[in-house]
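Peer 1: The structure that follows is given in the form of structure tokens.
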Amino acid sequence: AFLVLLVISGGAGKIRDSLVFYARVAQLYTQTPESRLAMPVQDVSRRQVADTWHATRGTDRIHEGQDIFAPKGTPVLSATPGLVYNIGENNLGGQTVSVIGRGGRVYYYAHLDAYSPTLKEGDYVTTKTILGYVGTTGNAKGTPPHLHFGVYATGGAINPLPLLTDRAAQSATTKSRTKQKLISRKV
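Going by my numbering, the first residue of the sequence shown is number 480, and it counts up by one from there.
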């Protein structure tokens, strides 16, 4: 009876999807992490990024990432292939997307103005996938628009700046924000 209930309610599909997702994550953990990451903000070069790693933030914390400034609405692309494991909102990051890549590294994209309309948790992404758009959500309200980009390994946060590389000329597949319906998942 329990099995029939799972099938009727769609629970079996959700369980299957979760098992497939975690099997893919386990496979990523067995792979060597990338030594180079594609710049996550469209039309920004590495030399334009000021090093904000470990800058003081108030009296009780340091900055564990890089702030990449760009006009509000600039596309944010995945810096690496991987799986989207979280799309959500928190006090510091505002609207965020987290991607798990090779070696189990987590790539954290924060202060997004909006998410890509087709992005879902569990999606496989590439360096051509738009995750969202530069904004000022979370604790970035009142600051110039930027992406907070963090990289987390099993030992803690690592500075992404030395890993960042410039993207090749943007392809026609990366659409500007104005041509897509935007999604804000604010509750």
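Glycine included, every Cβ here is placed at the ideal spot set by N, Cα and C.
Considering only their Cβ atoms, is the gap separating Lys607 from Leu556 smaller than 8 angstroms?
Peer 2: Their beta carbons are under 8 angstroms apart, which means Leu556 touches Lys607 by this criterion.
Peer 1: Kindly identify the DSSP beta-bridge partner or partners of His625.
Peer 2: DSSP, once it has assigned bridges, lists Phe548 and Gly614 as partnering His625.
Peer 1: Near Tyr631, what residues of its chain come up, given a Cβ to Cβ distance below 6 angstroms and the 5 sequence neighbours on each side ignored?
Peer 2: Counting only Cβ-Cβ distances below 6 angstroms, and skipping sequence neighbours, we find Val585.
Peer 1: In whole angstroms, what is the alpha-carbon distance linking Arg495 and Gly583?
Peer 2: The straight-line gap from Cα to Cα measures roughly 21 angstroms.
Peer 1: When the Cα of Arg540 is compared with those of Val563, Leu571 and Gln521, which residue comes out closest?
Peer 2: Taking only the C-alpha atoms, the option nearest Arg540 is Leu571.
Peer 1: Beta carbon of Ala636, beta carbon of Gly629: below 8 angstroms?
Peer 2: Going by C-beta atoms, Ala636 is nearer than 8 angstroms to Gly629.
Peer 1: Classify Ala632 as helix, strand or coil using the three-state DSSP reduction.
Peer 2: Strand, per DSSP.
Peer 1: For the beta strand (DSSP E) holding Gln574, just list the boundary residues, first then last.
Peer 2: Taken as a continuous stretch (DSSP letters only), the beta strand (DSSP E) holding Gln574 covers Gly573 to Ile579.
Peer 1: Using only CA atoms, which one of Val563, Glu513 and Thr553 lies nearest to Gln521?
Peer 2: Nearest option by C-alpha distance: Thr553.
Peer 1: So, helix, strand or coil for Arg540, using DSSP?
Peer 2: Residue state, collapsed to three classes: strand.
Peer 1: Measure the CB-CB distance between Gly580 and Gly561 and report whether it falls below 8 angstroms.
Peer 2: Yes, they are a contact pair.
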